[in-house]
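Visitor: Chains as they are written, first to last, in the working numbering: chain V, 247 to 583; chain S, 247 to 583.
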DNA sequence: ACGTCTTTTATTGTCGCAGACAAACTTACA
DNA sequence: TGTAAGTTTGTCTGCGACAATAAAAGACGT
């Protein structure tokens, strides 16, 4: 079917070694020989087989990425950044959506192991700790966990400081004069949701603000969940003046629902989100939110990954990234009474 | 590092052949032997090397996907569906964002070729026709083009009938009593943009409606482009009563911009989009739009791909999918005068 | 006991490439 | 002209799995 190194060698009148060396620039070859080889390769439209090469050199220059779902815009943006970094470093990215299913996660983990990817980026919620640790322990497969995922002494973790982010959000609301603050968050078993919740509670406490029980709602980080959360909130006997929503996707659903009920944002209800997804600048009104440094996150994930590939046996480290507030128009100032 | 088939054979006290056969179930092996092998594999945590296997059997069970950018929610959703299908069929998906750069496209094409992917899904705008056709012609690499991409007699194309979709959109506006209709579309060198534009023109003509020159705006299919397009539209001396926007991302930007200028949607301006991205149900107001059957598109792409992998030499076929209207709340009825 | 089947296992070469090792071929200088 | 040093290229083995072929072990009839 396609030309092999042997064909090229034959056509150039040299040995396969020489061909290999000129193609990989791994030792000196006389200029004229080089040219002959290059030309032969060109003429035959030769593309070296990475699979044969991988078998020999024991690396594949590809990474697997396990992610719950790229339907969530935040993940989509993160994947995008990760892909960019991979490209820059000469790696391929194998995208694996787990859809939160253990079955699919395990199955992908097996596939990736067999395909001998050089490492796995993990950003998913349903997982099988024992499987992961057997991969890390026995096969010594490099793994870096972004956002959330299994914990282990030997994986690197790199995450957003969501407690701080939640503080930022609440403090901003308070500075704008809000006292009656609600919260719609993600499922508490996911780390970032938990952290944002904790941050919310802490910040409220520090400001001596009461937390009304039916104003804190646990949802699912999805559009529809935000919508439902808002509906629930609107059914409360008294309404808050502001709501902190655990991610931008839910914020979108929530705003849509509120506006459908004739509530004006931000005049009647201020909204602050989390993630700073690209599109949150295009909500009506544009969403004030907490920015996660997605580009940095991806860069750090990949550079950590590569470092670990080159130097496998080392303690796992944990890197924390600092979020920041981005003010747009979904939070109104309230006259402090 | 990791166990090989030989280790398993040794431990089970059989030959590698036997191991291979019990693992692949490719011929009968005595039950007791099977058990011994399985147990040995289990104990060694054996994972067969797909790279060695691929070298021998000449397929990799992975597909490459070239896409301009997954930042666009429509592509993100499509990639998601494609990934699902791949998983179902036992394939891995290598994600390649080209960012519209020829350089990156070519570079990825080379990588994918070397990695010996079994086929390539193409959905990108910047391409090098000669490179593609050399891949198809010489290496006989299966390729299916979704949405837009290079044309060739030997690639399969599967696309949305965007002319029809545009008709659907315009007819809906007309049925709701609109006569003053504007258009904000994508770059005309992209096939879907061209088709939607043509459909728009045709439908307007068929309804004997005048097309006001400064009401047709060519933009870029991105959020920001929609915003800019709307700004331009709003600067016109007279305003339309409705606008057809070439995709949902632009629709979002456009609606945000219009609402920022105090224009009420749909009371003062009706908006209809294209794509039916997941989140368009959560705009305020929820977006009336043309639905592209993304799931079908992905399914057809993959099944066509697999068919072509199994049966390489055949004429390229072209499959057209029919869009449909989904009515939400961004188009208001207008009293026909 | 012998040959003939059938069932089960072993041997070996192959896929395409890389690299350890080494050979051939120059040139320089005694 | 011989030898050491330097330059350039080649031979050969093995990565891990698969499969074609060969071989061994039972089963059975005569």
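Built from N, CA and C at the ideal position, the CB exists for glycine as well.
(1) Compile a chain-ordered list of the residues in the segment 315–328 of chain S whose CB is closer than 8 Å to at least one CB of chain V.
(2) Taking all protein chains shown into account, decide if residue 251 of chain S is buried (16 or more other Cβ within 10 angstroms of its Cβ) or exposed.
(3) Please name the residue in S:457, S:428, S:453 and S:308 whose C-alpha comes closest to that of residue 365 of chain S.
(4) Express the C-alpha separation of residue 478 of chain S and residue 385 of chain V in angstroms, rounding to a whole number.
(5) In whole angstroms, give me the CA-to-CA distance for residue 403 of chain V and residue 398 of chain S.
(6) Who are the neighbours of residue 277 of chain V on chain S, taking C-beta pairs under 9 Å?
(7) Taking only beta-carbon atoms, is residue 300 of chain V less than 7 Å away from chain S?
(8) I want to verify the contact list: residues of chain V whose CB lies under 7 Å from the CB of residue 407 of chain S, in sequence order.
(9) Touching or not, the segment 432–442 of chain S and the segment 462–482 of chain S, by the rule of three or more beta carbon pairs under 8 Å?
(10) Using a C-beta to C-beta distance shorter than 9 Å, which residues of chain V count as neighbours of residue 532 of chain S?
(11) Distance cutoff 7 Å, beta carbons only. Does residue 234 of chain V sit that close to anything in chain S?
(12) When the Cβ atoms of the segment 258–272 of chain S are set against those of the segment 329–338 of chain V, are three or more pairs found closer than 8 Å?
(13) Name, in chain order, the residues that DSSP records as bridge partners for residue 405 of chain V.
(14) Kindly indicate which three-state DSSP category residue 535 of chain V falls into: helix, strand or coil?
(15) Using C-beta distances below 8 Å, list every residue in its chain close to residue 565 of chain V, excluding the 5 sequence neighbours before and after it, in chain order.
(16) Enumerate, from N- to C-terminal direction, the unbroken alpha helix (DSSP H) stretches of 4 or more residues contained entirely within the segment 361–422 of chain S.
(17) Check the C-beta distance from residue 499 of chain S over to residue 473 of chain S and give it rounded, since I have them as a contact under 8 Å.
(18) Please check if any C-beta of chain V sits within less than 7 Å of the C-beta of residue 583 of chain S.
(19) With DSSP as the reference, please indicate the residues paired to residue 490 of chain S in a beta bridge.
(20) Please look up how many angstroms separate the CB atoms of residue 578 of chain S and residue 513 of chain S, rounded, as I've assumed it's under 8 Å.
(21) Work out the CA separation of residue 487 of chain V and residue 327 of chain V for me, nearest whole Å.
(22) What residues of chain V sit near residue 373 of chain S, judged by a beta carbon separation below 8 Å?
(23) Between residue 494 of chain V and residue 521 of chain V, what straight-line distance do the alpha-carbon atoms span, to the nearest angstrom?
(24) Drop a sphere of 10 angstroms on the beta-carbon of residue 540 of chain S, count the other beta-carbons inside from all chains shown, and report buried for 16 or more, exposed for fewer.
(25) Can you list the residues of chain S that residue 297 of chain V reaches, using a CB-CB cut of under 8 Å?
(26) Straight-line CA distance for residue 283 of chain V to residue 293 of chain V?
(27) Which of helix, strand or coil does DSSP assign to residue 546 of chain S?
(28) Bridge partners of residue 305 of chain S, per DSSP?
(29) Residue 380 of chain S versus chain V: which residues are under 8 Å apart at the beta carbon?
(30) For residue 291 of chain V and residue 456 of chain S, I'd like the C-alpha separation in whole angstroms.
(31) Quick one: Cα of residue 369 of chain S to Cα of residue 263 of chain V, how far?
(32) Have a look at residue 336 of chain V and residue 552 of chain V and give me their C-alpha separation to the nearest angstrom.
(33) Which parts of the segment 283–347 of chain S are runs of the alpha helix (DSSP H), unbroken and 4 residues or longer, counting only runs that do not cross its ends?
Guide: The structure says:
(1) The residues in question are 315, 316, 317, 319, 322, 323, 325 and 326.
(2) Position 5 of the second chain, counted from the first residue, corresponds to residue 251 of chain S. By the 10 Å Cβ count, residue 251 of chain S comes out buried.
(3) Within the second chain, the letter at position 119 stands for residue 365 of chain S. Of the candidates S:457, S:428, S:453 and S:308, the one whose C-alpha sits nearest the C-alpha of residue 365 of chain S is S:308.
(4) Locating residue 385 of chain V in the first chain gives position 139, where the first residue counts as 1. Locating residue 478 of chain S in the second chain gives position 232, where the first residue counts as 1. Cα to Cα, residue 385 of chain V sits roughly 58 Å from residue 478 of chain S.
(5) On the first chain, residue 403 of chain V is found 157 positions in, with the first residue counted as 1. On the second chain, residue 398 of chain S is found 152 positions in, with the first residue counted as 1. Residue 398 of chain S has its alpha-carbon roughly 46 Å from the corresponding atom of residue 403 of chain V.
(6) Within the first chain, residue 277 of chain V is the residue found at index 31, counting from 1. Neighbours of residue 277 of chain V on chain S: none; closest Cβ ~24 Å, over 9 Å.
(7) Position 54 of the first chain, counted from the start, is the residue given in the question as residue 300 of chain V. So yes, residue 300 of chain V belongs to the interface.
(8) Mapped onto the second chain, residue 407 of chain S falls at position 161. Around residue 407 of chain S, no beta-carbon contact reaches into chain V at under 7 Å, the shortest distance being about 25 Å.
(9) Under the 8 Å Cβ criterion, the segment 432–442 of chain S counts as touching the segment 462–482 of chain S, having at least three qualifying pairs.
(10) Locating residue 532 of chain S in the second chain gives position 286, where the first residue counts as 1. By Cβ distance, chain V contributes 502 and 506.
(11) Chain V is shown only over 247 to 583; residue 234 of chain V falls outside these bounds and no answer can be derived.
(12) The segment 329–338 of chain V and the segment 258–272 of chain S do not touch, with fewer than three beta-carbon pairs separated by less than 8 Å.
(13) Here the question's residue 405 of chain V lines up with position 159 in the first chain. By DSSP's assignment, residue 405 of chain V forms a beta bridge with V:566.
(14) As a first step, residue 535 of chain V must be located in the first chain, where it is residue number 289. Three-state DSSP puts residue 535 of chain V in a strand.
(15) By one-based count along the first chain, residue 565 of chain V stands at place 319. Closer than 8 Å at the Cβ level, and outside the excluded window around residue 565 of chain V, lie 402, 403, 404, 405, 546 and 550.
(16) Those alpha helix (DSSP H) runs which fall completely within the segment 361–422 of chain S and span 4+ residues are 375–380 and 408–421.
(17) The residue you call residue 499 of chain S lines up with position 253 of the second chain. The residue you call residue 473 of chain S lines up with position 227 of the second chain. Their Cβ separation, rounded to whole angstroms, is 4 Å, which keeps residue 499 of chain S and residue 473 of chain S in contact under 8 Å.
(18) As a first step, residue 583 of chain S must be located in the second chain, where it is residue number 337. At residue 583 of chain S the pLDDT is 43, less than 50, meaning the model places this residue with poor confidence; the figure from the coordinates comes in the next sentence. For residue 583 of chain S, the answer is no, since every Cβ of chain V falls outside 7 Å of its Cβ.
(19) Here residue 490 of chain S refers to the residue found at position 244 of the second chain. Answer by DSSP bridge pairing, in chain order: S:429 and S:518.
(20) In the second chain, counting from the first residue as 1, residue 578 of chain S sits at position 332. In the second chain, counting from the first residue as 1, residue 513 of chain S sits at position 267. So it is a contact: roughly 6 Å between Cβ atoms.
(21) Your numbering for residue 327 of chain V matches position 81 in the first chain. Your numbering for residue 487 of chain V matches position 241 in the first chain. Approximately 36 Å, taken between the alpha carbons.
(22) Here the question's residue 373 of chain S lines up with position 127 in the second chain. Residues of chain V passing the Cβ test: none, with the nearest at roughly 17 Å.
(23) Here residue 494 of chain V refers to the residue found at position 248 of the first chain. Here residue 521 of chain V refers to the residue found at position 275 of the first chain. Roughly 6 Å separates the two Cα atoms.
(24) The residue labelled residue 540 of chain S in the question sits at position 294 within the second chain. Residue 540 of chain S is buried by the Cβ-count criterion.
(25) Position 51 of the first chain, counted from the start, is the residue given in the question as residue 297 of chain V. Listed along chain S, the residues sitting closer than 8 Å to residue 297 of chain V by beta-carbon distance are 297, 300, 301, 306, 361 and 362.
(26) Here residue 283 of chain V is taken as the residue at index 37 of the first chain, counted from 1. Here residue 293 of chain V is taken as the residue at index 47 of the first chain, counted from 1. Distance from the CA atom of residue 283 of chain V to the CA atom of residue 293 of chain V, rounded to whole angstroms, is 13 Å.
(27) On the second chain, residue 546 of chain S is found 300 positions in, with the first residue counted as 1. Residue 546 of chain S: helix per DSSP, three-state reduction.
(28) Taking the second chain and counting its residues from 1, one reaches residue 305 of chain S at position 59. Beta-bridge partners assigned by DSSP to residue 305 of chain S: none are found.
(29) Within the second chain, residue 380 of chain S is the residue found at index 134, counting from 1. Within chain V, the residues near residue 380 of chain S are 291.
(30) Position 45 of the first chain, counted from the first residue, corresponds to residue 291 of chain V. Position 210 of the second chain, counted from the first residue, corresponds to residue 456 of chain S. Rounded to whole angstroms, residue 291 of chain V to residue 456 of chain S spans 54 Å at the Cα level.
(31) Position 123 of the second chain holds residue 369 of chain S. Position 17 of the first chain holds residue 263 of chain V. So the alpha carbons of these two residues sit roughly 39 Å apart.
(32) Sequence index remark: in the first chain, residue 336 of chain V carries index 90 (1-based). Sequence index remark: in the first chain, residue 552 of chain V carries index 306 (1-based). If you take the alpha carbons of residue 336 of chain V and residue 552 of chain V, they lie about 11 Å apart.
(33) Complete alpha helix (DSSP H) runs here, min 4: 296–303 and 319–334.
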